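Here is the structure we will look at, set down as structure tokens.
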Amino acid sequence: MRTLAFVLALLVPLTAAAQITFERTYGGASSDLGRSVAQTPDGGYIVAGTTRSYGAGQSDLWLIKTDAWGSTSWSTTFGGPQTDGGRSVALTLDGGYIIAGN
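Positions -18 to -1, 1 to 84 (mature numbering (1 follows the signal peptide of the UniProt record, and there is no 0)) are the ones given, in order, by the sequence shown.
Encoded structure:
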């Protein structure tokens, strides 16, 4: 079993013995925030949050998919010209993701 700590743009998976597996930071030149993380069936992670570094609006919902070691597989943003953000992410039965936010 792993415990995850995701603070700001930092992903740190821990083993059951609280040993750090790896540390990765994500983000750009502006304010970026990870709010929710889930482990994916391939051993990687899906992270939902908010970015001011990327996207089209003041802030946008930010979704990052990583491999098992935290390397970014893909990253995408959603949102309009105003403030948007991801608050929670979960895996769906069909292998996709569902995201809640504003």
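Heads up, the beta-carbon is just placed ideally off N, CA and C, and yes, glycines get one too. Bear in mind that the values here come from a model prediction, so they are computed numbers and not experimental data.
Next on the checklist: Cutting at 7 Å between CB atoms, please list the residues of its own chain near SER12, excluding the five before and the five after it.
Outcome noted: For this step, residue 12 is matched to residue 30 along the sequence shown. ARG34, SER35, listed in sequence order.
Item to check | Pair within 9 Å by beta-carbon distance, GLY16 and GLY37 | outcome: For the purposes of this step, residue 16 is identified with residue 34 of the sequence shown, where counting begins at 1. For the purposes of this step, residue 37 is identified with residue 55 of the sequence shown, where counting begins at 1. Not closer than 9 Å, so no.
Checklist entry - For TYR8, which option in SER70, SER53, GLN40 has the closest C-alpha, if you only look at C-alpha atoms? => result As a working note, residue 8 is residue 26 in the sequence shown. The shortest C-alpha separation from TYR8 is found at SER53.
Checklist entry - When DSSP labels each residue in this structure, what does LEU75 get in the three-state scheme? => result As a working note, residue 75 is residue 93 in the sequence shown. Note: LEU75 maps to coil in three-state DSSP.
Checklist entry - Since SER41 sits in a beta bridge, which residues does DSSP pair it with? => result Sequence index remark: in the sequence shown, residue 41 carries index 59 (1-based). In the DSSP output, where bridge partners are listed per residue, SER41 has THR65.
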